[in-house]
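Below is one structure, written out as structure tokens, with a few remarks after it.
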Amino acid sequence: MYPNKKSVVCLAITSVLSGGVFAQQEESPQEQVVVWGTKVSSNSESLTTDDLSVKQADHMSDLLRDIPGVDVGGTHSVNQRINIRGLGESDLDIRLDGASQHANMFHHIGSLTLNPDILKSADIQVGNNSVVSGGLGGAVYFETKNAKDLLRYDESFGARVFAGYASNANQQGSVTVYGQLSDKVDAMIYGQQISRDNFEDGKGDETIGADGDTYNVLGKIGFEPALGHRFQLSYDVYRDKGDYSPRPDMAGSANLTLTGDELVPTKYDRDTITGSYELDTEHHKGKITLYSSETEIDRDESVITSRWATVRHSRNTATNRNIGANIKFQSDYQVASLNNQVTYGADYIDQTSESAYGGSKFMEESAISTALFAENKLYVTDAWSVTAGLRFDDFERKAVTSDNSFDDVTWSLGTEWDVTKDWTLFANARSLFKGPELLETFVRYQDVAYLADDIKAETGLNTQAGVRFDKKLNDHFLGMNITLFKTQIDDYISTDWDNATSTYRIRNAGDMEIKGLEVSATYAYDMFSSKLSYARSEANDVTNGGPMPNSYGSSADMGDSFALTLGYQADSIDTMFGWTSIVVLDEDNVMTGADIKQGYDVHNMHAQWIPHQIPDLIVTVGIENIFDELYVSHASRLGTARGATTDDYEPGRSYKISAAYQF
């Protein structure tokens, strides 16, 4: 039916493994092939890569941990915490189909409810280098698939079924139906379920309170009235339910020590509605997104009979709702025969945080963020460009603790010089701004929390410089990216519990500095590809000495990390093989009296078979944590609490197999 499909599939897979190196080869329109996967791009690497679903991801850590400067903490389904250069999710601008996922839900649970399987792309900005985005530490923009991404050749309709099994310890399946309803209208509906059991760590100890189910249903409809114009409406429903440990950010052994084997019936839900208009013409492109994204925790804490706050012995809920609009356009124009590209727009987020205990409303507070920005890239020559931008931020806090407003004008300045067609030098500087966060939604302490009278918004400066190298020599490709950076955060805001007065204090704790480097190198030849990366950062408290603290009260340092990825496409057997190794060194820049963050090395392998005789079938097998390493990500919970070791140990060895068939 598809005469050239074998070579096309091989080309697609090899292209993806090598980060698009071979994608420049000519293909006729009827030879194009769509393979389910997630395009992952990062400014700390010279190339984009696609996971082609070979990682069989069921947690965001499966997708992002091998990117220099990025880690994902947490092992539980309700605890996915993206970390960039030591800064957590509340310091990042994280979007899902344009909808802000900003929240501060609960220190034992992450604020993100994301399904990696349906993601079309993940664009990761390591460090904040542009006024186009907010956040102190960078941005992560996730985009989910739509019908246009999945339709192949001259298809009008299609479907995909998927089933997967992991020995340690989950099963998942999904069904996707999509089609071109008319010349101008397309639609897709996707449904997925993951059933999780209690996994075993690298020592063979079984955790408790991870047994539950996750569901995700996504519906999209698109309308394209004319070339270059697209309207889209989507509804994304995410449900996570189970009898979970009271502290999902800690190991099962810690929960056993603190509250025995008691489990809490938990629901963690998200509903996201987005409507968008996208423009894509020769000189102008951009997008307008309107959205509502609501996340809710529902826990029946009345079942806890051991040590627990009496006022929480009830069914309790907390809700974070983001209603917003994001406008971003890019236009090309000329001034005095010089080419320019300007990016401009606005961002508005109305965040509402509310909680109820035993059916009685406890609090409701909000924060409204408004921003206007414009950034211009001037091409002084074909090889040299200069970028400058301005951003105005207004942050209005309407909280139980106080009604305060903060605003500032920040700027960006950058340059790129293509020294040769292979070598590029770059440098950026960006001033920073962030107002004081709302207190965690699911802590019952808003009435005893205090915002310091003299509190200031966090400000600072992020600077970085580096070099990129990309060269193709016949069937060989070499790529490299080196980035040196320093992030200064002035008037760093800390939220501390004071045992003596039983109050929360929100105050400026001093000035912080994070500095380091990220290196990535890629080599590809014929059907072989490889990538090696290294990241190092050091986060220090300049005012008080010692390391910079994270939200756990631990050190924000991540430790030196190395990542190696290898891939090979065996044409004769229609199979792609891959290997990933991550090595993290000990981190001794820790709080006084704390143990060092132990280093670790973890290795994964996978193989994916797309048979020439049945080209619509994809079978993937893999082994994660091959050598059964006992380890804790440096972005996860570490340390002790009331005599319990809280280290959030990762799952041990797991055998994975999955199959997908696309009709």
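Numbering (mature numbering (1 follows the signal peptide of the UniProt record, and there is no 0)), first residue to last: -23 to -1, 1 to 640.
Quick reminder that beta carbons are idealized off the backbone N, C-alpha and C, glycines included.
Note that the coordinates shown come from a computational prediction; the quantities given were computed from them, not determined experimentally.
Check whether the Cβ atoms of residue i and residue j lie closer than 8 Å to each other.
i: M37; j: I71; result: no
i: T392; j: F383; result: no
i: P223; j: A512; result: no
i: T378; j: Y325; result: no
i: V194; j: T597; result: no
i: G366; j: V103; result: no
i: D563; j: G576; result: yes
i: A351; j: Y321; result: yes
i: S497; j: N458; result: yes
i: L113; j: L409; result: yes
i: A99; j: L41; result: yes
i: R298; j: T90; result: no
CB-CB under 7 Å to residue i, same chain, minus the five flanking residues each way: which ones, in chain order?
i: F339; result: S332, A333 and R421
i: F604; result: H580
Nearest to residue i by alpha carbon, out of the options?
i: V49; options: T234, T15 and D625; result: D625
i: R207; options: L256, Y529, A516 and D248; result: L256
i: G229; options: S308, I573 and G181; result: G181
i: E164; options: E201, V377, E490 and I634; result: With the sequence shown as reference, residue 164 is identified as Ala, and Glu is not the correct amino acid for it. For the residues E201, V377, E490 and I634, the minimum Cα distance to A164 belongs to E201.
i: D537; options: N458, V241 and E495; result: E495
i: D190; options: K218, T184 and T401; result: K218
i: T569; options: W586, G493 and G530; result: G530
i: D178; options: N92, N145 and L204; result: N145
i: S172; options: K449, T622 and S151; result: S151
i: N92; options: N56, H85 and L69; result: N56
i: S506; options: W474, Y481 and W556; result: W556
i: A124; options: V117, Y167, A621 and F139; result: Y167
With a CB to CB cut of under 8 Å and the five nearest residues on each side skipped, what residues in its chain are close to residue i?
i: V357; result: L315 and V363
i: N175; result: A146, E183, T184, I185, G186, A187, D188 and G229
i: A136; result: V152, T153, V154, Y155, Q639 and F640
i: W285; result: P223, T236 and E278
i: N602; result: G179, V579, H580, N581, E627, P628, G629, R630 and S631
Can you pull the DSSP bridge partners for residue i?
i: H79; result: Bridge partners of H79: none, in fact.
i: V560; result: F539 and D578
i: A429; result: According to DSSP, which records beta bridges pairwise, A429 is partnered with nothing at all.
i: F350; result: G322 and R368
i: residue 659; result: There is no way to answer for residue 659, as the model of the chain reaches only from -23 to 640.
i: V117; result: I71 and I101
i: E515; result: K492
i: G135; result: Y155
Name the two residues that bound the continuous beta strand (DSSP E) containing residue i.
i: A637; result: S631 to Q639
i: residue 710; result: Here the chain covers residues -23 to 640 and nothing more, so residue 710 does not appear.
i: K449; result: E435 to L450
i: R247; result: V241 to D257
i: R62; result: Unbroken run through R62: none, as it is neither H nor E.
i: D68; result: Here D68 belongs to no beta strand (DSSP E), and DSSP marks it neither H nor E.
i: A533; result: Where A533 is concerned, there is no enclosing beta strand (DSSP E), given that its DSSP letter is neither H nor E.
i: M457; result: H453 to D475
i: I95; result: I95 -> no beta strand (DSSP E), and no H or E assigned at all.
i: F388; result: A small fix is needed here, since residue 388 is Trp in this sequence, not Phe. That run of the beta strand (DSSP E) goes D380 to D395.
i: Q209; result: H206 to Y221
i: D503; result: Neither: D503 is in no beta strand (DSSP E) and is coded neither H nor E.
i: H261; result: H261 to D277
i: K16; result: K16 to S19
Which same chain residues end up closer than 6 Å to residue i when comparing Cβ atoms and leaving out the 5 residues on each side of it in sequence?
i: T440; result: A406 and K463
i: V(-3); result: Any reading at V(-3) must be qualified, since the residue scores a pLDDT of 37, below 50, and its modelled position is unreliable; the value itself is stated next. Only F454 and A501 meet the Cβ criterion.
i: E4; result: With a pLDDT of only 39 at E4, under the threshold of 50, the placement of this residue in the model should not be trusted; the figure read from the coordinates follows. So the list is empty, once near-sequence residues are dropped.
i: K374; result: Looking at the sequence provided, one finds Arg at residue 374 rather than Lys. Correct list, in chain order: A344 and N381.
i: R289; result: E278
i: D213; result: L195 and T249
i: W13; result: S30
i: A143; result: S631 and K633
i: E239; result: I281
i: G522; result: none
i: A302; result: L267 and Y325
i: A533; result: G63, A516, M525 and N527
i: D295; result: Looking at the sequence provided, one finds Ala at residue 295 rather than Asp. These residues qualify, in order along the chain: I274, S332, T418 and F419.
i: G437; result: L409, Q465, I466 and D467
i: L355; result: N317 and V363
i: K449; result: none
i: Q9; result: Confidence at Q9 is low in this model, with a pLDDT of 43, below 50, so its placement is unreliable and no value can be given for it.
Any C-beta of chain C sitting closer than 8 Å to the C-beta of residue i?
i: A295; result: Judged by its chain identifiers, the structure shown contains no chain C, having just a single protein chain.
For residue i, report the span of its alpha helix (DSSP H) as first-last.
i: D605; result: No alpha helix (DSSP H) holds D605; DSSP gives it neither H nor E.
i: N232; result: G229 to T236
i: D39; result: S38 to L41
i: D126; result: A124 to L127
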